[in-house]
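Note that the working numbering has the sequence shown beginning at 1, numbered continuously upward.
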Amino acid sequence: MSDPSTPQKTPVAFEVDIKENPDATPPEHIVKRFEVGEKSLTQEEIEAKLHAAEERKKQSEAERISKAAADVAHVKAVSEQQRRISEEHKAETLEKIQERLDKAEKRRQQQEAEKIETEKKRHTTEQEPKVSAEGIQAKLDAAEEKRKQLEQERVQKAAHEVAHAKQVAEEQRHATEAALKEQAEKLREKQEKAEKNRQGEKKANTE
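Set out below in structure tokens:
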């Protein structure tokens, strides 16, 4: 039981007002972010950035196209060099074949003259019996037939070498055309890809 003479403790209530402090300063990095955001939203700066991005894209695309054009020019130069070498080789081959044919014809004429001279000497010798004109003509005809056969074989061989040279030149031409076509296709793909990338970046910058 409490003592009546002891003073009683009375509870005290406090009212606390919790509100935003109007004088509180926001952090510096937040203030700078809002300042930068406000500045970047100006129409002039947006257009300037879009223009700069477009110029960089055009420059990059021009460099890629220039490099691709240089690659094509290099392939054409190599192709022209190969064609020239092939033509020179073919001309040299034909010249050698013609030279061999000329030498063969000279040898044939010389051998034929020597045979006729030998035949004349043999038949004018008193120790040997005379040979009829028909026999001499038959031997000359046989020699002529053999000469024609050898000449035909040389002509066929020369024609085969010429055909082979033409085939090699044609194969080189086809290979060069295929290389040029492949390079042109790669250039076209690069240009299409560059155009798609440019359109995509332009659309993204606009949004």
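Positions of the beta carbon are idealized from the N, C-alpha and C atoms, including for glycine. Being a predicted model, the structure only gives us computed values, none of them experimental.
query, result
"Ignore the nearest five residues each way along the sequence and tell me which others in S86's own chain have a CB closer than 6 Å to its CB.", "A169 and Q172"
"Give the range of the alpha helix (DSSP H) segment to which T176 is assigned.", "A133 to T206"
"Leaving out five residues on either side along the sequence, give the residues of the same chain with a beta carbon under 6 Å from the beta carbon of K120.", "none"
"Going by Cα to Cα distance, which pick from L94, E61, E54 and H51 is closest to R164?", "Just to set this straight, residue 164 is His in the shown sequence, not Arg. Nearest option by C-alpha distance: L94."
"Does the separation of the CB atoms of E105 and E151 fall below 9 Å?", "yes"
"With distance defined between alpha-carbon atoms, name the residue in E80, E161, A159 and A68 nearest to E269.", "With the chain running from 1 to 207 in the structure shown, residue 269 is simply not present."
"Can you check whether the CB of T176 is closer than 9 Å to the CB of E79?", "The sequence as given places Ser at residue 79; Glu does not occur at that position. Going by C-beta atoms, S79 is nearer than 9 Å to T176."
"Distance check for Q59 and R188, CA to CA, integer angstroms please.", "18 Å"
"Would you mind working out which of D71, K103, K146 and K90 sits nearest K186, comparing C-alpha positions?", "D71"
"Rounded to whole angstroms, what's the CA-CA distance from A48 to K202? Just pull it up for me.", "13 Å"
"State the CB to CB distance for the pair I97 and E161, rounded to an integer number of angstroms; the pair is presumed to be in contact (CB under 8 Å).", "6 Å"
"If you compare alpha carbons, which of K148, R147 and I116 is closest to G135?", "I116"
"If you measure from the CB of E80, is any heavy atom of the ligand ADP nearer than 8 Å?", "Looking at this structure, you won't find the ligand ADP or any other ligand, since it has none at all."
"Spatial neighbours of R154 within its chain, please: CB distance less than 8 Å, with the 5 preceding and 5 following residues excluded, ordered by chain position.", "R100, L101 and A104"
"Less than 9 Å between the beta carbons of K76 and L140, yes or no?", "no"
"Would A184 pass as a contact of R64 if the rule is Cβ separation under 9 Å?", "no"
"Which value, in whole angstroms, describes the spacing of the CA atoms of Q43 and A53?", "15 Å"
"For R198 and K57, which I take to be in contact (beta-carbon distance under 8 Å), what is that distance rounded to the nearest angstrom?", "5 Å"
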